[in-house]
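Residues in the sequence shown are numbered from 1 upward in steps of one, following the working numbering. For every residue, glycine included, the Cβ atom is placed at its ideal position computed from N, Cα and C. To start, the structure itself, in structure tokens.
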Amino acid sequence: MWVVLCSCASTRSPADADETDAAAGRDGGRADATDTRPVDAWGFEDAACTTDEDCDDGIFCNGAERCVGPCLSDGSPCRHACDELTQRCCEDRDNDGVPEPGCTEEPDCDETSAAVYPGAPEECNTLDDDCDGRVDEGFAVERFVADCDVDGFGDAAHGTMDCQPPGSKPPSVCEAGWWSRIDGDCDDLAPDVHPKPIEEACDGLDDDCDGSVDHTRQDLDGDGFVAFACDGTMDCRDDYAGAYPGAPEACDGIDTDCDGTVEDRDGDGHLALTAPCVGGPLPRDDCDDARFATRPGAIEVCNTIDDDCDGVVDPTDALCVSHGSVTECRAGVCRDLACGTVWGRCDDVDHCTTRLDLDERHCGACGVVCASAACVDRGCVSLAQLALSSARSVALVADQPLWIERIGARLGDDHRFLAARVIGGGERVCYVWSDDRVSCDGSFDTVSIAGVAEVASASRFACARDDEGRVWCWGEGPRGELGDGALHPMSSPPVRVSGIEGASAIGVGGRFACTLAAGRVWCWGSGYDGALGNGLTVDVMMPVEALLPTSAIAMATGDAHACAVLSDASVWCWGSNARGQLGVGVGTVRATTPRLVSAAPPATSCVAAGDATCILTTSGERWCWGANDGAQLGDGSRVDRFAPTSAETDVGRVWLARRHGCREGLDRSIACWGSNADGRLGDGTSLDALRPVVLDYTP
């Protein structure tokens, strides 16, 4: 007879309550109103335990139970999640708050990445970010092709489908180069050969990728000459059979003999008295064929010119272009006999020459001076913002952009009645309107970007920073200027600059742009002269970090250089130094990584434009260096400065354009210096100023 003895750990459950409790000297059941003994953690009457086995409830995930008189629990045995079925601890190795697979209903599908977990936002990165079994869902897939010669057009034989430009490296088939959305390049190693509409050159190449080399175009008008031919016999008008090289010149306003000259120079339908032509419909009776407004039958204007070619200059009834309601032409000068409500005779007792709605010296009436404001619509109002461009200065007053001119501030015709909330400078002045539309002087289509806090423009592209710290660029970006990872040889609507979050400032250079985000300066676009500050001179299509030694608090960009003020108040610059714009002396032509401007005093901010740089020091002084041919440094000279030069004290803010600058004094006065073409300094003259001159209107 065999007897088998087995020993096993005791477990605690309602099923064995009677046996266990009886053995422990309890009354054999769960506590009720008749019980007087203490109750343990499992709801049974408690009595002094003798071993840890008496306390074990058989559950792993609530920790080990120990006997220390009464039974005690030590809590969960796991730092993160616990799995009761397998009795193990589950780790969260990437610290994203979701443990490894096998421990939860929605486990982490990638414990190596904190950005991947159930419910994470899906990004375009070839990963299943939200652990739903799908990759890059919700993103539009496009075709990107290798663009080895970086002319904006790629080779269709080397492409890939993706929801963003593939990575930050050139295509594997190129020694250099990048990616493009446009294919059809028939020679991806020749940047001048691509399908973009261009004139075919006589160079032995298929320049326009149409399948033919140095081809002669068809003779469209049947006159025996074609619009393009490599033998030089090209038809200047292949849509008109009467025009070809050597044809007789007729008096018809057309260059029929293809010699590059047209008889009707001003296009008014009348030819010069001595025009070398025969026959044709146009008369030879124009007494000034260089002026459209001068011809027989034209309106005679009071301007000392025989406008109608009748031999009489400025009769008394000649039209007066004047500001008075009643005028008379006397010896070629309009005499104002009465003024309207807008104009007054404040500066000229004979003429209504004073704009009472804009002149700070005569605002609303002669002699009413706006000593601390701008004159707008016959009233004095305060200046809110200032923006400078290569051609003008603009103030923002009472939600109205005002162009600063010799006579004062003037509402632009295309801006009247529109409310603006932000203006920005650069190569052009840009305006952010109250309905989130953004427009720039003389360039780009108007675009819509919500919540714009800052805007700046180059000649062919512009960038904006919104109030959430994202950066958007639009326009042409053939060298990566838009920063979204692709080339844009033709104008593009706004695209978001890749990877930038929390930006606090932007700067737009000639062919590149930079932004300041979380103390780091990021740049993209043309790397010529090292303007990106990453140690290289190659173009990049997505932001790269400028190699600064510590965090930055301010940054600015010029045409081909950039500068930053660091947290220790030191100033560092990089890029071209052809005019001294880096402030590091004459021995440096360029710097591909940031260089310390050792001669600069501690600074709080910096500005740059063209080939010049200025800083505002911690003591309120303005120091400048770089190009100074337009007196844009405002230091009293026109001499380029290769090292920082003190310009003035008691300064609160500084603005800089290519050939002029402005500052706000501690007394809130606005003064400007430099080139004064069109009266952009606002001092009532068109004379250049080597040092700051106070605007007529200063808040």
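Check, Outcome
"Residues near residue 691 by beta carbon distance below 7 Å, same chain, minus five either side", "634, 636, 673"
"Rounded straight-line distance, which links the Cα of residue 595 to that of residue 124", "36 Å"
"Touching by the beta-carbon criterion (3+ pairs, under 8 Å), the stretch 299-306 and the stretch 315-326", "yes"
"Within the stretch 386-450, ranges of the beta strand (DSSP E) (whole runs, at least 3 residues)", "393-397, 400-405, 408-411, 420-424, 430-433, 437-440, 443-448"
"Neighbourhood of residue 504 by C-beta distance below 6 Å, restricted to the same chain and skipping five residues each side", "516"
"Nonlocal neighbours in the same chain, by C-beta distance under 6 Å from residue 363, ignoring five residues either side", "370, 375, 380"
"As assigned by DSSP and simplified to three states, the class of residue 477", "strand"
"Segments of 3+ residues assigned as beta strand (DSSP E) that fall wholly inside the stretch 506-576", "512-517, 520-525, 540-545, 552-557, 561-566, 571-576"
"Stretch-stretch touch, CB-based, cutoff 8 Å, three pairs: the stretch 448-460 with the stretch 418-429", "yes"
"Residues near residue 461 in its chain [Cβ-Cβ closer than 7 Å; skip 5 each side]", "473, 474, 475, 476, 477, 481, 482"
"Range covered by the beta strand (DSSP E) that runs through residue 457", "452-457"
"Candidates 60, 51, 59, of which the one nearest residue 68 by Cα", "51"
"Presumed contact (8 Å Cβ cut-off) between residue 682 and residue 404, rounded CB distance", "4 Å"
"Reduced DSSP secondary structure (H/G/I, E/B, other) of residue 56", "coil"
"Between the CA atoms of residue 686 and residue 675 - distance to the nearest angstrom", "9 Å"
"Where the beta strand (DSSP E) through residue 595 begins and ends", "590-596"
"Endpoints, beta strand (DSSP E) assigned at residue 144", "142-147"
"Rounded C-alpha distance that separates residue 73 from residue 552", "53 Å"
"Per DSSP, cross-strand counterpart(s) of residue 490", "DSSP output for residue 490 lists no bridge partner at all."
"Residue 331 versus residue 270: straight-line alpha-carbon distance, rounded", "28 Å"
"Contact the stretch 255-275 vs the stretch 239-246: 3+ CB pairs below 8 Å", "yes"
"Neighbourhood of residue 165 by C-beta distance below 8 Å, restricted to the same chain and skipping five residues each side", "144, 178, 179, 484, 485, 486, 541, 542"
"Cutoff 6 Å; reference residue 539; Cβ partners in own chain excluding five residues on either side", "479, 480, 526, 527"
"Opposing strand residues paired with residue 674 [DSSP bridges]", "660, 689"
"Proximity winner among 490, 488, 459, 495, relative to residue 466 (alpha-carbon distances)", "495"
"Proximity to residue 580 [Cα-Cα], best of 688, 561, 571", "561"
"Which of helix, strand or coil DSSP assigns to residue 679", "helix"
"Own chain, CB closer than 7 Å to residue 384, minus 5 neighbours either side, in chain order", "396, 397"
"Residue 235 beta carbon less than 8 Å from that of residue 225", "yes"
"Spatial distance of residue 340 from residue 647 (CA atoms)", "45 Å"
"Cα-Cα separation between residue 267 and residue 222, rounded to whole angstroms", "27 Å"
"Any 3 or more C-beta pairs closer than 8 Å across the stretch 116-135 and the stretch 145-156", "no"
"Residue(s) in a DSSP beta bridge with residue 606", "615"
"For residue 351, three-class secondary structure by DSSP", "coil"
"Counted within 10 angstroms of its Cβ, other Cβ atoms place residue 668 as buried (16 or more) or exposed", "exposed"
"7 Å CB neighbourhood of residue 252 in its chain, flanking five on each side removed", "280, 281, 282"
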